[in-house]
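Residue numbers (our numbering): 2 to 392.
Okay, so here's the structure we're looking at.
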Amino acid sequence: MAVTDRIAPARKPRSSVDLATTKPGTPGGIFMRQFWHAICRSVDLPKGRALPVRVMNEDYTLFRGESGRAQLVAQRCPHRGALMHLGWVENDDIRCVYHGWKYDCSGQCIEAPAEKEGFAKNVSIATFPTGEAFGLIYGFFGPDEPPAFPPYPEADGEGIIEAWAPSDVPCNYLQSFENSMDEVHVAFTHAPGGSHAKLSVDLPIISAEETPWGLMRYGNRATGLTRHTLHYAPNIVRTIVPPQAGMDGVGGWPTITFHFTPVDDENHKWFVSAKVAVTGADIEPYWTKRREFFAKLAAAPDIQGLVEDIWAGKVPYADVRHPVLARVQDIAVQAGQGRIENHATETLGRSDAGIALWRRILQRELETIAAGGTPKKWQRAPDDVLPTVGA
Ligand code: FES
Ligand SMILES: [Fe+2]
Numbered sequence: 002m003a004v005t006d007r008i009a010p011a012r013k014p015r016s017s018v019d020l021a022t023t024k025p026g027t028p029g030g031i032f033m034r035q036f037w038h039a040i041c042r043s044v045d046l047p048k049g050r051a052l053p054v055r056v057m058n059e060d061y062t063l064f065r066g067e068s069g070r071a072q073l074v075a076q077r078c079p080h081r082g083a084l085m086h087l088g089w090v091e092n093d094d095i096r097c098v099y100h101g102w103k104y105d106c107s108g109q110c111i112e113a114p115a116e117k118e119g120f121a122k123n124v125s126i127a128t129f130p131t132g133e134a135f136g137l138i139y140g141f142f143g144p145d146e147p148p149a150f151p152p153y154p155e156a157d158g159e160g161i162i163e164a165w166a167p168s169d170v171p172c173n174y175l176q177s178f179e180n181s182m183d184e185v186h187v188a189f190t191h192a193p194g195g196s197h198a199k200l201s202v203d204l205p206i207i208s209a210e211e212t213p214w215g216l217m218r219y220g221n222r223a224t225g226l227t228r229h230t231l232h233y234a235p236n237i238v239r240t241i242v243p244p245q246a247g248m249d250g251v252g253g254w255p256t257i258t259f260h261f262t263p264v265d266d267e268n269h270k271w272f273v274s275a276k277v278a279v280t281g282a283d284i285e286p287y288w289t290k291r292r293e294f295f296a297k298l299a300a301a302p303d304i305q306g307l308v309e310d311i312w313a314g315k316v317p318y319a320d321v322r323h324p325v326l327a328r329v330q331d332i333a334v335q336a337g338q339g340r341i342e343n344h345a346t347e348t349l350g351r352s353d354a355g356i357a358l359w360r361r362i363l364q365r366e367l368e369t370i371a372a373g374g375t376p377k378k379w380q381r382a383p384d385d386v387l388p389t390v391g392a
């Protein structure tokens with residue numbers, strides 16, 4: 002069942018710019034193309050493999066050659082538009098499946114087998130910068146020089162880094178980035194199943210402030226503890242979360258960085274990199290537990306299908322159980338707001354302080370871009386600004 006978008010009442014929109022779009026050439030698209038974006042898990046791109054990738058309403062080809070470097074080129078061959086990911090990866094080059102034209106890592110065509118000598122040197126395919134860190138491959142899609150890489154510092158302390166399998170989420174990326182600023186939802190959305198019970202003992206008072214790298218958000222609780230969560234511009238949250246589902250507390254509370262990468266304006270992907278504090282002799286038992294969990298996950302219902310059943314009323318929300326229950330719950334609620342949440346029909350309260358601040362920042366930046374002004378120069382967050390548990 003599709004979720005029907007709500008109709009806005011006839012009143013003046015709160016913003017003159019579209020905060021949700023990332024289409025090329027729009028203020029939102031220009032804003033978002035200032036940053037690195039997570040586009041694939043490292044393990045999902047073995048050497049010799051080429052994959053199609055759609056990011057911010059545009060298509061690309063991602064491949065990994067013999068050197069191990071991930072490379073990004075245009076979706077289609079400049080000859081007659083064949084899809085490049087159907088072709089062959091040869092050393093660090095890629096050859097088109099249609100007529101065998103071959104491109105090197107700079108995008109230069111180096112072979113056009115049926116053409117005259119010297120023809121290839123006048124042909125090239127567009128290339129885009131890539132970087133790889135935290136178990137993820139990132140791409141940069143802007144016209145300017147990319148910012149520092151990696152886009153944020155690695156979580157402190159010893160441990161292992163694991164990138165979780167990505168999820169496809171059928172709504173605009175901003176809904177999920179905003180949800181990451183909404184600590185109150187945890188006590189309700191994740192009440193069934195009890196995965197976040199420790200964070201639900203009392204409701205936090207939310208406050209937030211703009212920083213050179215994004216937004217720092219505080220969740221003050223009656224216990225006197227304050228949970229600090231980092232929201233790196235424009236779509237990454239770094240936070241400390243309860244022990245992973247099915248792990249019985251092994252590895253404790255991991256630090257996770259959650260990337261909400263726009264696919265188009267109505268879909269995005271979740272890429273999560275977790276830093277888990279297991280070391281030495283504890284690492285093998287951790288992976289044993291993890292493998293048991295992966296087996297359970299493989300046998301479980303498909304998340305999107307389950308979400309559709311929840312939306313259709315076939316499965317009561319409160320009864321749902323799944324190896325990644327919190328993920329099912331979050332997708333059902335956030336994508337259930339509609340493909341693109343209608344801000345004009347909302348009623349924000351004090352618990353939405355983080356969301357309201359980020360929207361003001363986004364509106365300011367997009368209006369500056371729309372007016373031809375100079376947007377904020379965002380910085381990489383310093384190593385010593387860290388999230389805290391606060392529960
Ligand atoms: S379309 Fe790629 S070689 Fe012809
Ligand atoms: Fe959630």
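Each residue gets a CB set at the ideal place from its N, CA and C atoms; glycine is no exception.
Since we're looking at a predicted model, the values are computed, not measured.
(message) According to DSSP, is glutamine 72 part of a helix, a strand, or is it coil?
(response) On the sequence shown, residue 72 is found 71 positions in, with the first residue counted as 1. Three-state result, glutamine 72: strand.
(message) Short of 7 angstroms in beta carbon distance, which residues of its chain neighbour glutamine 176, apart from the five on each side in sequence? Order them along the chain.
(response) In the sequence shown, residue 176 corresponds to position 175, counting from 1. Only Gln335, Gln338, Glu342 meet the Cβ criterion.
(request) Return yes when at least one heavy atom of ligand 1 lies under 7 angstroms from the C-beta of glycine 247, else no. (result) Position 246 of the sequence shown, counted from the first residue, corresponds to residue 247. No, ligand 1 has no heavy atom inside 7 angstroms of this Cβ.
(request) Indicate whether alanine 39 and tyrosine 139 have their beta-carbon atoms separated by less than 8 angstroms. (result) Taking the first residue of the sequence shown as position 1, residue 39 is located at position 38. Taking the first residue of the sequence shown as position 1, residue 139 is located at position 138. Yes, they are a contact pair.
(request) Report the residue ranges of all alpha helix (DSSP H) runs contained in full by the region 111-199; include only those spanning at least 4 residues, in chain order. (result) The DSSP assignment places complete alpha helix (DSSP H) segments of no fewer than 4 residues inside the region 111-199 at 174-180, 187-190, in order along the chain.
(message) Across the region 233-247 and the region 292-308, are there enough close Cβ pairs to call them in contact, namely three or more that are closer than 8 angstroms?
(response) yes
(message) Given a cut-off of 8 angstroms on the beta-carbon distance, is the pair aspartate 45 and aspartate 183 in contact?
(response) Here residue 45 refers to the residue found at position 44 when the sequence shown is read from its first residue. Here residue 183 refers to the residue found at position 182 when the sequence shown is read from its first residue. Result no, Cβ atoms of aspartate 45 and aspartate 183 do not sit closer than 8 angstroms.
(request) Apply the 10 Å Cβ neighbour rule to proline 235 and answer buried if 16 or more other Cβ atoms are within range, or exposed otherwise. (result) Indexing the sequence shown from 1 puts residue 235 at position 234. Buried: at least 16 other Cβ atoms inside 10 Å.
(message) Please report the straight-line C-alpha distance between glutamate 366 and leucine 204, rounded to a whole angstrom.
(response) To locate residue 366, count along the sequence shown from 1; it is residue 365. To locate residue 204, count along the sequence shown from 1; it is residue 203. C-alpha separation (whole angstroms): 31 angstroms.
(request) Would you check if the distance between the CB atom of tyrosine 88 and the CB atom of valine 98 is smaller than 8 angstroms? (result) Numbered from its first residue, the sequence shown carries residue 88 at position 87. Numbered from its first residue, the sequence shown carries residue 98 at position 97. Checking the sequence, you will find glycine at residue 88 rather than tyrosine. Against a cut-off of 8 angstroms, the Cβ pair of valine 98 and glycine 88 comes out as a contact.
(request) Could you tell me whether any non-hydrogen atom of ligand 1 is closer than 7 angstroms to the CB of alanine 83? (result) Looking up residue 83 in the sequence shown gives position 82. Result yes, Cβ under 7 angstroms from ligand 1.
(message) For a test of your reading of the model: does the CB of aspartate 157 fall under 7 angstroms from any non-hydrogen atom of ligand 2? Yes or no.
(response) Here residue 157 corresponds to residue number 156 of the sequence shown, with the count starting at 1. Aspartate 157 Cβ: outside cutoff for every heavy atom of ligand 2.
(request) Alpha carbon to alpha carbon, how far is aspartate 320 from alanine 127? Give it in angstroms, no decimals. (result) Taking the sequence shown and counting its residues from 1, one reaches residue 127 at position 126. Taking the sequence shown and counting its residues from 1, one reaches residue 320 at position 319. When the Cα atoms are used, alanine 127 and aspartate 320 turn out to be separated by approximately 49 angstroms.
(request) Pull up the CB-CB distance for asparagine 123 and aspartate 331, whole angstroms please, since I reckon it's below 8 angstroms. (result) Residue mapping note: residue 123 aligns to position 122 of the sequence shown, counting from 1. Residue mapping note: residue 331 aligns to position 330 of the sequence shown, counting from 1. Incorrect: roughly 50 angstroms between the Cβ atoms, too far for contact.
(message) Looking at aspartate 385: is its Cβ nearer than 8 angstroms to the Cβ of arginine 55?
(response) In the sequence shown, counting from the first residue as 1, residue 385 sits at position 384. In the sequence shown, counting from the first residue as 1, residue 55 sits at position 54. No, they are not a contact pair.
(message) ligand 2 and asparagine 221: does the residue's C-beta get closer than 7 angstroms to at least one heavy atom of that ligand?
(response) The count along the sequence shown starts at 1 and reaches residue 221 at position 220. No, ligand 2 has no heavy atom inside 7 angstroms of this Cβ.
(request) Hey, could you find the ends of the beta strand (DSSP E) arginine 65 is sitting in? (result) Numbered from 1 along the sequence shown, position 64 holds the residue referred to as residue 65. Residues 59-65.
(request) Report whether the distance from the Cβ of valine 187 to the nearest heavy atom of ligand 2 is below 7 angstroms. (result) Here residue 187 refers to the residue found at position 186 when the sequence shown is read from its first residue. Valine 187: yes, Cβ under 7 angstroms from ligand 2.
(message) Just to confirm the assignment, what range does the beta strand (DSSP E) spanning aspartate 331 have?
(response) The sequence position of residue 331 within the sequence shown is 330, counting from 1. Note, aspartate 331: premise wrong, no beta strand (DSSP E); alpha helix (DSSP H) at 326-335.
(request) Hey, could you find the ends of the beta strand (DSSP E) proline 53 is sitting in? (result) Along the sequence shown, read from residue 1 onward, the residue named residue 53 stands at position 52. 51-56 is the extent of the beta strand (DSSP E) around proline 53.
(request) List the DSSP bridge partners of cysteine 97. (result) Stepping through the sequence shown from its first residue, residue 97 is reached at position 96. For cysteine 97, which the question treats as bridged, DSSP gives no partner whatsoever.
(message) Once DSSP output is grouped into helix, strand and coil, what is the label at serine 43?
(response) Locating residue 43 in the sequence shown gives position 42, where the first residue counts as 1. In the structure shown, serine 43 sits in a helix (DSSP, three-state: H, G or I).
(message) With H, G and I counted as helix, E and B as strand and the rest as coil, what does DSSP make of glutamate 366?
(response) Counting from one through the sequence shown, the residue named residue 366 turns up at place 365. Of the three classes helix, strand and coil, the one that applies to glutamate 366 here is helix, per DSSP.
(request) Grab the span of the alpha helix (DSSP H) containing proline 28 for me, first residue to last. (result) The sequence position of residue 28 within the sequence shown is 27, counting from 1. Segment 28-33, the alpha helix (DSSP H) holding proline 28.
(message) Are the CB atoms of phenylalanine 272 and leucine 52 within a distance shorter than 8 angstroms?
(response) Here residue 52 corresponds to residue number 51 of the sequence shown, with the count starting at 1. Here residue 272 corresponds to residue number 271 of the sequence shown, with the count starting at 1. Taking 8 angstroms as the Cβ cut-off, leucine 52 and phenylalanine 272 do not qualify as a contacting pair.
(message) Classify arginine 12: buried if its beta carbon has 16 or more other beta carbons within 10 angstroms, exposed otherwise.
(response) Translated into the one-based positions of the sequence shown, residue 12 becomes position 11. Its pLDDT being 47, under 50, arginine 12 is placed unreliably by the model, and the measurement read from it follows with that caveat. The residue in question, arginine 12, is exposed, as its Cβ has fewer than 16 Cβ neighbours within 10 Å.
(request) Evaluate phenylalanine 189 with the Cβ neighbour count: other Cβ atoms within 10 Å of its Cβ, from every protein chain shown; 16 or more gives buried, anything less gives exposed. (result) Numbered from 1 along the sequence shown, position 188 holds the residue referred to as residue 189. Result: exposed.
(request) Grab the span of the alpha helix (DSSP H) containing phenylalanine 36 for me, first residue to last. (result) Position 35 of the sequence shown, counted from the first residue, corresponds to residue 36. Here phenylalanine 36 belongs to no alpha helix (DSSP H), and DSSP marks it neither H nor E.
(message) Judging by CA-CA distance, which residue of Thr62, Val277, Ser68 is the nearest neighbour of arginine 77?
(response) The residue given as residue 77 occupies position 76 in the sequence shown. Residue Thr62 is the option with its Cα nearest to arginine 77.
(request) From the DSSP output, in three-state form, read off glutamine 109 for me. (result) Taking the sequence shown and counting its residues from 1, one reaches residue 109 at position 108. If DSSP states are grouped into helix, strand and coil, glutamine 109 belongs with the strands.
(message) Once the 5 residues before and after valine 379 are set aside, which same chain residues still bring their CB inside 6 angstroms of it?
(response) As a first step, residue 379 must be located in the sequence shown, where it is residue number 378. The identity of residue 379 in the sequence shown is tryptophan, whereas the question assumes valine. So the list reads Ala234, once near-sequence residues are dropped.
(request) Might you give, ordered along the chain, the residues of its own chain that have their beta carbon closer than 8 angstroms to the beta carbon of proline 10, omitting 5 neighbours on each side? (result) Locating residue 10 in the sequence shown gives position 9, counting from the first residue. Summary for proline 10: the model assigns pLDDT 49, below 50, so the residue's position carries little reliability; its value from the coordinates is reported in the next sentence. Closer than 8 angstroms at the Cβ level, and outside the excluded window around proline 10, lie Ala345, Thr346.
(request) Have a look at isoleucine 362 and threonine 27 and give me their C-alpha separation to the nearest angstrom. (result) Your numbering for residue 362 matches position 361 in the sequence shown. Your numbering for residue 27 matches position 26 in the sequence shown. Their Cα atoms are separated by approximately 17 angstroms.
(request) Tell me isoleucine 257's beta-bridge partners as DSSP assigns them. (result) For the purposes of this step, residue 257 is identified with residue 256 of the sequence shown, where counting begins at 1. In DSSP, isoleucine 257 forms a bridge with Thr240, Ala275.
(request) Let me know if arginine 70 comes out buried or exposed under the rule of 16 or more other beta-carbons within 10 Å of its beta-carbon. (result) The residue labelled residue 70 in the question sits at position 69 within the sequence shown. The residue is exposed, with fewer than 16 neighbouring Cβ atoms inside 10 Å.
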